[in-house]
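**Q** Letter by letter, the sequence shown follows residues -17 to -1, 1 to 732 in mature numbering (1 follows the signal peptide of the UniProt record, and there is no 0).
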Amino acid sequence: MGFFLFFFLSLLSLASSASRVDQKTFIVRVQNEAKPSVFTTHKHCVFHGFSAKLSPTEALKLQTLPHFIAVIPEQVRHLQTTRSPLFLGLKTTDSAGLLKESDFGSDLVIGVIDTGIWPERQSFNDRNLGPINSKWKGQCVTTNDFGSNSCNKKLIGARYFCSGYEASNGKMNETSEFRSPRDSDGHGTHTASIAAGRYVFPASTLGYAKGVAAGMAPKARLAAYKVCWNAGCYDSDILAAFDSAVADGVDVISLSVGGAVVPYYLDAIAIGAYGAAEKGIFVSASAGNGGPGGLTVTNVAPWVATVGAGTIDRDFPADVKLGNGKVVTGAGVYNGRGLSPGRMYPLVYAGSGGGGGYSSSLCLEGSLDPDFVKGKIVLCDRGINSRAAKGEVVKKAGGVGMILANGVFDGEGLVVDCHVLPATAVGASNADEIRQYIDSASKSKSSATATILFKGTRLGVRPAPVVASFSARGPNPETPEILKPDVIAPGLNILAAWPDKVGPAGIPSDNRRTEFNILSGTSMACPHVSGLAALLKAAHPDWSPAAIKSALMTTAYTVDNRGETMVDESNGNTSTVLDFGSGHVHPTKAMNPGLVYDVTPMNYVDFLCNSNYTINNIQVITRRNADCSGAKRAGHVGNLNYPSFSAVFQQYGKHTMSTHFIRQVTNVGDPNSVYKVTVRPPSGTLVTVEPKQLVFRRGGQKLNFLVRVEATAVKLAPGSTNMKSGSIVWSDGKHNVTSPIVVTMQQPL
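#1: In the stretch 336 to 399, which residue ranges form an unbroken alpha helix (DSSP H) of at least 4 residues, counting only runs that do not cross its ends?
#2: Assuming I604 contacts A253 under a Cβ cut-off of 8 Å, what Cβ separation, rounded to an integer in Å, is found between them?
#3: Spatial neighbours of V310 within its chain, please: C-beta separation below 8 Å, excluding the five flanking residues on both sides.
#4: Which whole-angstrom value describes the C-beta separation of G474 and S454, a residue pair presumed to lie in contact below a C-beta threshold of 8 Å?
#5: Of the choices F499, K572 and Y540, whose alpha-carbon is the least far from that of V183?
#6: In whole angstroms, what is the alpha-carbon distance linking Y248 and Q602?
#7: Counting only the same chain and skipping the five closest in sequence on each side, list residues whose C-beta sits under 8 Å from that of T548.
#8: DSSP state of Y580, grouped into three classes?
#9: Can you tell me the Cα-Cα spacing of A614 and H643, whole angstroms?
#10: If you follow the alpha helix (DSSP H) that F129 is part of, which residue opens it and which one closes it?
#11: Are there 16 or more other CB atoms within 10 angstroms of the CB of S227, so buried, or fewer, so exposed?
#12: How many whole angstroms separate the CB atoms of S627 and P723, which I take to be in contact at a CB cut-off of 8 Å?
#13: When you compare the stretch 616 to 636 with the stretch 688 to 704, are there three or more beta-carbon pairs, one atom per stretch, that lie closer than 8 Å?
#14: Between which residues of its own chain and S641 is the CB-CB distance below 6 Å, once the five residues before and five after are set aside?
#15: With F265 and V240 assumed to form a contact (beta carbons below 8 Å), what rounded beta-carbon distance in angstroms separates them?
#16: Find out if the Cβ-Cβ distance for the pair V92, A206 is shorter than 7 Å.
#17: Quick check on DSSP: helix, strand or coil for I465?
#18: Take G381 and list the residues in its own chain whose beta-carbon comes closer than 7 Å to its own, dropping the five residues that flank it on each side.
#19: Would you give the residue range spanned by the alpha helix (DSSP H) that Y148 belongs to?
#20: Going by beta-carbon coordinates alone, are H567 and I471 separated by less than 7 Å?
#21: Helix, strand or coil, according to DSSP, for M640 in the structure here?
#22: Just checking my contact of I386 with I417 at CB under 8 Å: how many whole Å lie between their CB atoms?
#23: Identify the continuous beta strand (DSSP E) that holds residue 737 and give its terminal residues.
#24: In whole angstroms, give me the CA-to-CA distance for L669 and T174.
#25: For L518, which three-state DSSP category applies?
#26: Judging by CA-CA distance, which residue of V29, F33 and V54 is the nearest neighbour of T40?
#27: Which first and last residues belong to the alpha helix (DSSP H) in which M199 is found?
#28: So, at 6 Å on beta carbons, what are the nonlocal neighbours of P19 in its own chain, with the 5 sequence-adjacent residues on each side left out?
#29: Taking DSSP's pairing of strands, which residues face M706 in a bridge?
#30: Under a three-way DSSP split, which group does D109 fall into?
#31: Please go through the same chain and pick out, in chain order, the residues whose beta-carbon is closer than 6 Å to the beta-carbon of N719, but skip the five residues on each side of it.
#32: Could you tell me the boundaries of the alpha helix (DSSP H) in which H173 lies?
#33: Using DSSP's beta-bridge definition, name the partner residues of T557.
#34: Taking the alpha-carbon of A259 as reference, which of R162, P448, A284 and Y148 has the nearest alpha-carbon?
#35: Indicate whether V244 and P460 have their beta-carbon atoms separated by less than 7 Å.
#36: Thinking just about the alpha-carbon of each residue, which of G306, V391 and D393 is nearest to the one in T432?
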C-alpha cells in the first residue's frame, strides 16, 4: 500500500494500489498519545488524526483498536452558488462608521476556503497597503502557473489541497484544472472579492451593473485555500485547509461550501470550525441553496455563522413580449449579437417537439431537434443541467433565444446568468402563462411568437431586501433548538471579480472574457458576513467570534425598504424567522450593539453533552476529554447562550407545556445603562422574562436573565408541526438588542 503524507496538513493519507471499487476514504481521529505501528500521527490546530483509504471492513476493524476515537466517512461537498456595500450602508464618505472605525479592515486576515483565486485581478491589488502583520505565518505556495509574484500585501497567502480529491478520483487532469491555488472555476475569486475586494472603477459585467466594485473589508488581507475541484470539495481537504488557516493566523474563515447535514461529530466542517472558533477565529458558512423548502439549511453548528441570501435593490429586467400583445416580466443579462429590434420570432416549448420528452423539456445535451428549434426562441424548464448549459444546448441546435422557466418548486425567484445567447428567466406563474399561449396558438393553427426586451440595470427596486427563493430554510435539521440560518445577507445577482480563461457563463464553450461577473447563491451571501466580521473584529479586537455573531444577529432587521416585513421571493408571501433567522445584517448598527450574547468553549461542551452525544463523540469535535458534569446546570440543549430562542414541544396528549431559557448578556455599550425588556410572545404562548430590567454599572459587566415559555396544545395531524414566532427586545433608549423567539409544536406519529 502506498502512503502519502500531506505535509502542510499534518494529516496522513493512505492510498491503496488495489481496486477502488470497494474502498472509501475515511477520516480517522486518534487520541493525542496514540502511536499506531504503521502511521505517523500528528498534532494539529483543529484535528488530531489522518485520512486513509480503507474498505468498510478495514474501517470497522480500525474502530475497535485502542486510542481510535472515530472513523468518519469522507463526504463530498459542493459550492453554494458592487452595489451591496452601499445597500448595506457602508459609505466611504462617512466621517465615522464601521469602515472608518475599522480602517476598512486593515491588518485583519480573511481565509477563503473555496476554488482558489485569480491573483492578477484588480480587486486584489495592494496599492497603499501597509506591511503585513508579523503575526502572519502563512505562505504563498508557488507552482508553474502561480508564480512568486502572485501574492502581495493584499493576497498574503495561497495554498491548495487535493489529496482527498485525488484519493477518490485519481490524478487530476491538469489540462482542465490547475494543480495550484489558481482558480479554474471562478467561484473562489468571486467570493474572495466580495469579502475583501479593493475599490475598482469602472466595474461591470457585459455593460450591466456599472459602478465601483468593492468588497466588505477593502483593506483586509486575503489568504486563499483551494479545496474545491472539478469533482467537488472533499472533507479531508477541507479539514486540512482549516488546519492550515488556523496555523497561518487568519482572523476570519469564509466557507461557501455545503453538503448533507449529519451529526456534528461526523461533520468535517463543524469539526474544523470548532477548532477555529476555539482559537478566536470567526467562521461564516453558506446556509445552502436548497430553498424554498423547509429543513434545507446546512452548516448548522452553533459555533458557525450560517448565512442565507437576500436580494438588493438592483435587478436586470428582460421581459418577454408575446405575439398576443402581453408582456411577461423576466430577468437577464446579454450584450452579444441580439434579437432584431421590433421583430417577433417563432416561439416553441422545448418539451413539445421531437421525441425527447422530459429531457427535451429540460434542454439537456443532445435532446433538441434542430429542425424544431432553428431560428426560434425556445422555452426550457429548469433542472438537471445548469441554467447556462441549457442556453448552450439551444444555441447549438440553432435557436436564437431562450426563456428559462422556473418550476413550481423554484417559485417566482429570478436568477440571472450571462448566457451565450439572448435569454431571460421567468417565474413559475409567468412560465405557465407562456406555455398556455403556445398551446392556444397551436390549437388555433397559428404560430406563437415572442421577443425578449433587455432593459439594462434598474436601481431602487422595491421591495428589497427579499429572501431569495433558493436560500435554504430552517428549522435546523440537527438541533431544532438552535435557530438557523442565523442571518441573511446580499446573495442574488452579485457583481464581483472573475478569472481569465473562464467565460462569464461558466461553460467551456464560452470564450468571452470579463473582469467581473454576476453570480447568485448563499455562496455570495456568506463572504458579505465574513467581510463584515473582519470589520467588526478590527473595530473591536477583544470581541470573541460569538460576540461578533451576536452583534450581527441582534441588530439585524426584518423590514424591507417599504417598511413591511420582508417577503419570500418564491411566492410573494411574508417571510418568517425560518427563512431569515434573526434578519438581514445591518453593519452600522452591529458596530455598537449595546449588549452581546457571548459563548465560551465550555458552553459548547455543555451544549454537546445536552445533545446526548457520547464522550467519544464530543472528543471528536473538541480534541480533549469532555466533562459533562456542568451540563446538568445548563439544563437543556436550548440553554446555550445563543442570541435567538427556539422552544420545541412534543405534544404527546399534553394540554400545556413549558420550558425555560437562561441567558447571559455582556455590556459592550455605555458603562452606566439600564435595559428594559419588551416581549412580543408567539401567538398562543405565554412568555415571561425575569428580571424585566438589567442595570449595568460598567463596561464588560455580565448579567443573567430567565425566559419562561408556556404553550397550549394545538390540534395537529400526526407527524405535523406548527410554528409561531415572536421577539424579545432589550432596550436602553439607544440600543435595541433584538432576539427572535420561536415556539414549535410537534404532533408525534
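Glycine is no exception: its CB is placed at the ideal position from the N, C-alpha and C atoms.
All values reported here derive from a predicted model rather than from experimental measurement.
**A** In short, the structure shows the following:
#1: Counting only runs of 4 or more, we get 341 to 344, 353 to 356 and 370 to 379.
#2: Position 621 of the sequence shown, counted from the start, is the residue given in the question as residue 604. Position 270 of the sequence shown, counted from the start, is the residue given in the question as residue 253. About 7 Å separates the CB atoms of I604 and A253; that is less than 8 Å, so the two are in contact.
#3: Reading the sequence shown from its first residue, position 327 is the one you call residue 310. Sequence-distant partners of V310 (beyond 5 residues in either direction) whose C-beta falls short of 8 Å from its own C-beta, in its chain, are D302, V303, K304 and L436.
#4: Working through the sequence shown from its first residue, we reach residue 474 at position 491. Working through the sequence shown from its first residue, we reach residue 454 at position 471. Contact holds; Cβ gap of about 7 Å.
#5: Counted from its first residue, the sequence shown places residue 183 at position 200. Looking at the Cα atoms, F499 is the closest of the given residues.
#6: Translated into positions along the sequence shown, residue 248 becomes position 265. Translated into positions along the sequence shown, residue 602 becomes position 619. Cα-Cα distance, rounded: 8 Å.
#7: Reading the sequence shown from its first residue, position 565 is the one you call residue 548. Here the set comprises T541, V542, T557 and S558.
#8: Here residue 580 corresponds to residue number 597 of the sequence shown, with the count starting at 1. In the structure shown, Y580 sits in coil (DSSP, three-state: anything other than H, G, I, E or B).
#9: Taking the sequence shown and counting its residues from 1, the one referred to as residue 614 is at position 631. Taking the sequence shown and counting its residues from 1, the one referred to as residue 643 is at position 660. Taking the straight line joining both Cα atoms gives about 15 Å.
#10: Locating residue 129 in the sequence shown gives position 146, where the first residue counts as 1. No alpha helix (DSSP H) contains F129, which DSSP labels as neither H nor E.
#11: Working through the sequence shown from its first residue, we reach residue 227 at position 244. Burial call: buried.
#12: Sequence index remark: in the sequence shown, residue 627 carries index 644 (1-based). Sequence index remark: in the sequence shown, residue 723 carries index 740 (1-based). Under the criterion of beta carbons closer than 8 Å, S627 and P723 qualify as touching, at roughly 5 Å.
#13: Contact holds between the stretch 616 to 636 and the stretch 688 to 704, because three or more Cβ pairs, one in each stretch, are under 8 Å apart.
#14: The residue you call residue 641 lines up with position 658 of the sequence shown. So the list reads E693, once near-sequence residues are dropped.
#15: As a working mapping, residue 265 is identified with position 282 in the sequence shown. As a working mapping, residue 240 is identified with position 257 in the sequence shown. Between V240 and F265 the Cβ distance is about 17 Å, and since that is not below 8 Å, they are no contact.
#16: In the sequence shown, residue 92 corresponds to position 109, counting from 1. In the sequence shown, residue 206 corresponds to position 223, counting from 1. Yes, Cβ-Cβ distance for V92 and A206 is below 7 Å.
#17: Against the sequence shown, residue 465 aligns to sequence position 482. It is coil, neither helix nor strand.
#18: As a position in the sequence shown, residue 381 is number 398, starting the count at 1. These residues qualify, in order along the chain: P353, V356, K357 and G358.
#19: Residue 148 sits at position 165 when you count from the first residue of the sequence shown. Going by DSSP, Y148 is part of the alpha helix (DSSP H) stretching over S146 to N152.
#20: Numbered from its first residue, the sequence shown carries residue 567 at position 584. Numbered from its first residue, the sequence shown carries residue 471 at position 488. Yes. Within cutoff.
#21: In the sequence shown, the residue the question calls residue 640 occupies position 657. Strand.
#22: Your numbering for residue 386 matches position 403 in the sequence shown. Your numbering for residue 417 matches position 434 in the sequence shown. 6 Å between Cβ atoms; contact.
#23: Look at the range of the chain in this structure, -17 to 732, and you will see that residue 737 is not part of it.
#24: By one-based count along the sequence shown, residue 669 stands at place 686. By one-based count along the sequence shown, residue 174 stands at place 191. When the Cα atoms are used, L669 and T174 turn out to be separated by approximately 43 Å.
#25: Locating residue 518 in the sequence shown gives position 535, counting from the first residue. Looking at L518 - three-state DSSP - the assignment turns out to be helix.
#26: As a position in the sequence shown, residue 40 is number 57, starting the count at 1. Taking each of V29, F33 and V54 in turn and checking the Cα distance to T40, the smallest one comes out for V54.
#27: For the purposes of this step, residue 199 is identified with residue 216 of the sequence shown, where counting begins at 1. Counting along the chain, M199 sits inside no alpha helix (DSSP H), nor does DSSP assign it H or E at all.
#28: Looking up residue 19 in the sequence shown gives position 36. Interpretation of P19 is limited by its pLDDT of 36, a score under 50 that renders its predicted location unreliable; the figure taken from the coordinates is listed afterwards. For P19, where only same-chain residues beyond five positions count, there are no Cβ hits under 6 Å.
#29: By 1-based counting over the sequence shown, the position of residue 706 is 723. For M706, which the question treats as bridged, DSSP gives the partners T727.
#30: For the purposes of this step, residue 109 is identified with residue 126 of the sequence shown, where counting begins at 1. Correct three-state label for D109: coil.
#31: Numbered from its first residue, the sequence shown carries residue 719 at position 736. Excluding positions up to five away in sequence, the list reads V712.
#32: In the sequence shown, the residue the question calls residue 173 occupies position 190. Taken as a continuous stretch (DSSP letters only), the alpha helix (DSSP H) holding H173 covers H170 to A179.
#33: Against the sequence shown, residue 557 aligns to sequence position 574. Answer is V550, bridged to T557.
#34: Indexing the sequence shown from 1 puts residue 259 at position 276. Ranking the options by Cα distance to A259, first place goes to A284.
#35: Against the sequence shown, residue 244 aligns to sequence position 261. Against the sequence shown, residue 460 aligns to sequence position 477. Yes, the Cβ-Cβ distance between V244 and P460 is below 7 Å.
#36: Translated into the one-based positions of the sequence shown, residue 432 becomes position 449. If we check each option's Cα against that of T432, G306 comes out closest.
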